[in-house]
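Below is one structure; the comments refer to it alone.
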Amino acid sequence: MEKAQAEVRRVCKGRELGDESEIHELKYLSSVVKETLRLHPPGVFLLPRESTETCVIKGYEIPAKTRIMVNAWAIGRDPKHWDEAETFKPERFLDSPIDFKGANMNFIPFGGGRRICPGINFAISSIELPLANLLYHFDWKLPNGITPENFDKTGKFSASVRISENLQLIPISCQT
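Mapping of the sequence shown onto the working numbering: residues 635 to 810, in sequence order.
Shown next, in the form of structure tokens:
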């Protein structure tokens, strides 16, 4: 969080982040959001699809009219495609052409192809802009007795995967 906060404060020094036109300058913050969505996609499974014709994928025959469910959570954690797949490393996206548009099937938190989520740009703006403002205006700390190491980050499975405990942070107003 410190790296993202330092970037936001350096890039936005002395001016408000009012709209998403300036957000493209925040490369590390964007990488943090991508890495978060890689590990925790909005939904575990993408919307189901139906095959229009019989096809063979990696030796498996998929008959026409088969309902297919894509596990975005598993794809984002596949060690064949991600070094240290279970580790939060935003740096992996810094100099990478991988984006949310679904062209790279190793990273599809919003689906891909013709049926990609139509709200993708709204969703990303709704994450990055408020996050940048929170990092710009506040320092953050964990409640007494809690450290990043002893906070339970194990997942709780449902339609989406979330951490077992709610994360609580204490905002500390800062002069920027």
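The beta-carbon is built from N, C-alpha and C at its ideal position, and this holds for glycine as well.
Scanning its chain for C-beta atoms nearer than 8 angstroms, with the 5 sequence neighbours on each side dropped, one finds around P697 the residues S685 and T688, in chain order.
Apart from the 5 residues on each side of it in sequence, H771 has no Cβ closer than 6 angstroms to any other Cβ in its chain. The shortest C-alpha to C-alpha distance from H658 to any of D733, M739, P777 and L776 is the one to D733. Residue pairing for E684: DSSP places it in a beta bridge opposite R701.
For I804, the enclosing beta strand (DSSP E) stretches over residues I804 to S807. Note that the C-beta distance between F727 and E669 is below 8 angstroms.
Contact between the stretch 637-655 and the stretch 779-786 is absent: fewer than 3 CB-CB pairs across the two stretches fall below 8 angstroms. One alpha carbon belongs to I758, the other to P731, and they sit about 17 angstroms apart. For Y662, same chain residues with a beta-carbon under 8 angstroms away, outside a window of 5 residues either side, are K637, A638, E641, P724 and L728 in chain order.
In the structure shown, F734 adopts coil according to DSSP, grouped into three states.
The shortest C-alpha to C-alpha distance from N778 to any of K692, I804 and L763 is the one to I804. With 16 or more other Cβ atoms inside 10 Å of its own Cβ, R672 counts as buried. Cβ-Cβ separation between I806 and V667: approximately 23 angstroms, too far for a contact (criterion under 8 angstroms).
Between I754 and A706, the C-beta spacing is not below 8 angstroms.
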